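**Q** Okay, so the sequence shown: first residue is 56 according to UniProt numbering, each after it adds one. All residues carry an ideal CB built from backbone N, CA and C; glycine is no exception. Remember, it's a predicted structure, so these values are computed and weren't measured experimentally. My questions all concern the structure below.
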Amino acid sequence: ATKTPKRVVIAGAPASGKGTQCELIVEKFGLVHISAGDLLRAAVAEGTPAGLEAKAYMDRGDLVPDEVVVTMVKDALDCEEAEENGWLLDGYPRSASQADAIEKEGITPDVFLLLNVPDEMLIERVVGRRLDPETGAIYHVKFFPPPEDVVDRLTIRSDDTEEKAKNRLAVHHSNVEAVVGRYEGKIREIDGDRAKTEVFAEIASILDEM
Ligand code: AP5
56 ATKTPKRVVI AGAPASGKGT QCELIVEKFG LVHISAGDLL RAAVAEGTPA GLEAKAYMDR
116 GDLVPDEVVV TMVKDALDCE EAEENGWLLD GYPRSASQAD AIEKEGITPD VFLLLNVPDE
176 MLIERVVGRR LDPETGAIYH VKFFPPPEDV VDRLTIRSDD TEEKAKNRLA VHHSNVEAVV
236 GRYEGKIREI DGDRAKTEVF AEIASILDEM
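Structural data, given as structure tokens:
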């Protein structure tokens, strides 16, 4: 029998490890990864009208208005690959209205993974993050040091300063409960303050059970 494609949301504070876990989930389960933040950064880099509008909000660490984000995410989900292989939605929904917007289209996750990491850990994770623009790999200067030969090409996200991360964190705390409230019975809280392989082992066992 063919397996039903998994439909997964992953949520958590800034730098809680969503992107890091998504890399591992995609590798093992082959889900289509749709990251609201990545879609927005791509639009900003391309200078599309949506990107131009989003930029100021992202620079401050505020949520981008629904008119910009909702269509982007809906369009990304609306593809054969996501329907056939299942999807992994990262960083969306971040408000009750965003949850309603996909629900109206009949887009419902089977499970809502929520990564919990204490606030004091998150700032250190944010400021030490480094990204490889060629492979998409996520490193950390202390926790996951990059190999010597890629160091020169690594980039730092413009919103990864301590000040902006504090605002991103405040925005997260003021929205998370409303979102969680929409997915009662589907929430799986995961302690994200452990080695990434341990965090992934728990996520993998949840997804295997589905
Ligand atoms: P987005 O790109 O989603 O950023 P975020 O939520 O702040 O999350 P991050 O990408 O910072 O962190 P992450 O959880 O993926 O952590 P990572 O794995 O990289 O959003 C950016 C902006 O876009 C928002 O501020 C907003 O403006 C806008 N936006 C996005 N979605 C929106 C929406 N739905 N509506 C409106 N606006 C929206 O890990 C972080 C670091 O920690 C890395 O260095 C990593 O190596 C390290 N690390 C990871 N796991 C571990 C571990 N287990 N132990 C030690 N270190 C670890």
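With burial defined as no fewer than 16 other Cβ atoms inside 10 Å of the residue's Cβ, what is the status of L107: buried or exposed?
**A** The residue in question, L107, is exposed, as its Cβ has fewer than 16 Cβ neighbours within 10 Å.
**Q** Secondary structure at V182, three-state DSSP: helix, strand or coil?
**A** Three-state result, V182: helix.
**Q** Looking at C-alpha atoms only, which residue of I157, V166 and A220 is the closest neighbour of R184?
**A** Measuring from the Cα of R184, the nearest candidate turns out to be A220.
**Q** Sort out for me which residues DSSP pairs V128 with in a bridge.
**A** Paired residues: none, contrary to the question.
**Q** Any heavy atom of the ligand AP5 within a distance shorter than 7 Å of the CB on S71?
**A** S71 Cβ: within cutoff of the ligand AP5.
**Q** G67 bridges to which residues according to DSSP?
**A** DSSP, once it has assigned bridges, lists L170 as partnering G67.
**Q** Got a sec, what are the start and stop residues for the alpha helix (DSSP H) L79 sits in?
**A** Residues K73 to F84.
**Q** Count the other C-beta atoms from every protein chain shown that fall within 10 angstroms of the C-beta of F167, then say buried if there are 16 or more, exposed otherwise.
**A** Flag for F167 reads buried.
**Q** Given a threshold of 16 other Cβ atoms within 10 Å of its Cβ, counted over all protein chains shown, does I80 qualify as buried or as exposed?
**A** Result: buried.
**Q** Is there contact here, the segment 97-106 with the segment 258-265, by at least three beta-carbon pairs under 8 Å?
**A** Flag = no, the segment 97-106 and the segment 258-265 do not touch.
**Q** Whole alpha helix (DSSP H) runs in the segment 191-254 with 4 or more residues, listed along the chain?
**A** Entirely contained in the segment 191-254, the alpha helix (DSSP H) runs reaching 4 residues are, in chain order, 217-236.
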